[in-house]
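Here's the structure we're looking at; comments come further down.
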Amino acid sequence: MKIELFDTTLRDGTQGEGINLSIQDKLLITQKLDNYGIDIIEGGWPGSNPKDEEYFKSVKKLKLSHSKICAFGSTARYPDKIKEDNNLQALLKAETEILSVFGKTWKFHSSKSLGLSDSENEELIFNSVKFLSEAGRRVIFDAEHFFDGYKDDPEFAVKMLLAAENAGASTLVLCDTNGGTLPTEILNIIQAVKSKVNLPIGIHAHNDSGVGVANSIMAVEAGARHVQGTINGVGERSGNANLCGIIPILKLKMSCSFNDQLDITKTTYTSHFISEIMNLEPDNRAPFVGISSFAHKGGIHVSSVLKDSRMYEHIDPSLVGNLQRVVVSDLSGQSNIRYKAKEFGIELPSGREFSKNFVNYLKTMEYDGYQFDGAEGTFELLLRSELKEYEPFFNVKYAKINVLQDENNIHYSEAVLKIEVNGEIEHTAADGIGPVNALDTSLRKALTRFFPVIDQIKLVDYKVRVLGDKNGTKAKVRVLIESTDGESNWSTVGVSENIIEASLMALTDAMNYKLFKAMLVKKDANLGTTILN
Ligand SMILES: [Zn+2]
């Protein structure tokens, strides 16, 4: 069975709380969706706001390889004033090949909210769809509140679908607008409706009951051939059905077919890219695309996964562009360490002695508050240091931080550092926006003379976690820092009762990590020297 994919991230998705996209953002997302292989991209509601109108103008200039753009809108307001209806006019002005038009299919709504008789509502749908399809557009009819409407008055709901069908619509999309319908109801209702209409049926599910993906899957099971949803399930309230779950399930578990352009190995990338553009924290536990979706922590699990990943993974993660990860944690077994070492390209001594000792060493550190899940840079340095492959490139001999806030509300932070490199002392001071920034700036200033490569490092993320809740301001903190040199990112960690000290530990690891990597590159290039510049 071939499924048509309809993405509404840019329309229904932007109704989600905290989501605000510029036109440029929307265009970038459009390109990524095209690149992923989505058939139809619903770009917005041109009748509702000027930003969406602007989007439809700009999107015409994009060169899309596969996706078709669709504009969204409602049926006309009055059945006898179709041609003059502003909303329908705005839809035509968007100049898209495809239009999706929603109409009321729940009697409760059409009579209560619009005050229309059954035949007036039917006429409204028929006339609006006819007008748009006669203008040469493919019209997708969104049957709003269809499942609630069907449960309330099936005859009325189906009659409205037939009005759209008879007026020239191409697809009848059954919407679970309130998201309260359950998978078995979806299955039964679609099976019943299928015999009463001729057009292909589509599904538009919301996730209010946590079954948005399940409902979409059930709809396909029942015969739907057009599926609507959003990337990462963004959308109002609890969101829309998540295409990043639906697409892999349909393709990998139900053998559905899609257009040839769809590349499901781009699912994870597309999901993360769009989270980034939306400035949303990605959901680590999201099925298929989360960074924890194929992460293994327990020692016994890991040793089995290393033998054959099918033992603890429902699919091969690479099929959706994700990765198997072994998480380093207090559950670490020796196989985790061996796995990690392999990932870093480190050869461990034969026999079990080394990894056993290293596991014990990690356990003590974890007991002290360290956590290496998000700090693989520090972890790698620790491992290499135990193997005598690495020694810090510099020592911080002295650090003093001055923080001032005066009565005029002037803030000031300064860091003074003494650094030792090969017996030579560098004494620097720098100020910054806050103490950690001052420390970072001062450290770079001190090190650049010895290691110009330090200039490439940028701090991209800084997180502080208070450990335990008993000691108030005396509690230990864990500082996680993510750094980049433009090519790769690495993360490092520091733990202390003193937030400045924890930050300094994470910062020195971040610098040492880069210096170590630069040294490896030099060695690889066989320049016969390990001087870094
Ligand atoms: Zn919706």
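So that you can map any letter, position 287 of the sequence shown is 304 in the numbering used here, and since no number is skipped, the others follow by simple counting. Using N, Cα and C, we set each Cβ at its ideal position, and we do this for glycine too. The model shown is predicted, which means the values in this text are computed figures rather than measured ones.
Exclusion of D165 from the 6 Å shell around ligand 1 follows from its C-beta lying no nearer than that to any non-hydrogen atom of the ligand. Apart from the 5 residues on each side of it in sequence, H221 sits with its Cβ closer than 6 Å to the Cβ of V190, C192, Q245 in its chain, given in chain order. Here the stretch 198 to 208 lies against the stretch 232 to 239, with 3 or more beta-carbon pairs under 8 Å apart. C-alpha of K324 to C-alpha of H313: approximately 13 Å in a straight line.
Distance between K359 and K68, taken at the CA atoms: about 50 Å.
Residue burial annotation: V420 is exposed, with fewer than 16 other C-beta atoms found within 10 angstroms of its C-beta. Measuring C-alpha to C-alpha distances from M528 to each of S145, K121, I442, S500 identifies S500 as the nearest. The beta carbon of R461 sits closer than 6 Å to the beta carbons of I471 from its chain, once the five residues preceding and following it are set aside; these are given in chain order. Restricting attention to V230, F275, I294, Y415, the CA atom closest to the CA of N257 is found in V230.
Cβ contact annotation for E408 (same chain, cutoff 8 Å, sequence separation greater than five): S402, in chain order.
In the displayed model, F23 falls within a strand according to three-state DSSP. E112 and F73 have their C-alpha atoms roughly 8 Å apart. For A180, the enclosing alpha helix (DSSP H) has its first and last residue at 171 to 183. Across the set Q32, N249, G61, I20, the C-alpha of G61 shows the shortest separation from the C-alpha of I40.
Take G185, set aside five residues on each side of it, and the residues of its chain with a beta-carbon closer than 8 Å to its own are V146, K147, S150, E151, V156, in chain order. Short note on D24: C-beta not closer than 6 Å to any heavy atom of ligand 1. Nearest in C-alpha terms to Y53, of all of E137, F158, G30, H289, is H289. Inclusion of T188 and H223 in the CB contact set at 7 Å is not warranted, their separation being larger than that value. Between I115 and I57, the gap from beta carbon to beta carbon is short of 7 Å. If you draw a straight line from the Cα of I281 to the Cα of F89, it comes to about 26 Å. Taken from the Cβ of D277, every heavy atom of ligand 1 lies 6 Å or farther away.
E514 is the residue among F533, L537, D526, E514 whose C-alpha sits nearest the C-alpha of K493.
Between the alpha carbons of M536 and I291 lies a gap of roughly 36 Å. Judged by DSSP in its simplified three-state form, F305 adopts coil rather than helix or strand.
Selection D333, S309, H331 evaluated against V343 yields S309 as nearest (Cα-Cα).
When secondary structure is reduced to three states using DSSP, G503 falls in the coil class, being assigned neither helix nor strand. Taking every protein chain shown into account, the CB of E34 has fewer than 16 other CB atoms within 10 angstroms, so this residue is exposed. When only Cα atoms are considered, I436 and S321 end up about 46 Å apart.
Non-local C-beta neighbours of E397 in its own chain, meaning closer than 6 Å and more than five positions away in sequence, comprise F361, ordered along the chain. Residue pairing by DSSP places R482 opposite R495 in a beta bridge. Between the alpha carbons of K110 and I474 lies a distance of about 49 Å.
Counting along the chain, F89 sits inside the beta strand (DSSP E) bounded by residues 85 to 91. The Cβ neighbour count for S372, taken over all protein chains shown within 10 Å, is at least 16; the residue is labelled buried. At a Cβ-Cβ threshold of 7 Å, T509 and T381 do not count as neighbours. Just measuring C-alpha positions, the residue of T445, D170, K100, G196 sitting nearest N259 is G196. Taking 6 Å as the cut-off, the C-beta of D97 does not count as close to any heavy atom of ligand 1.
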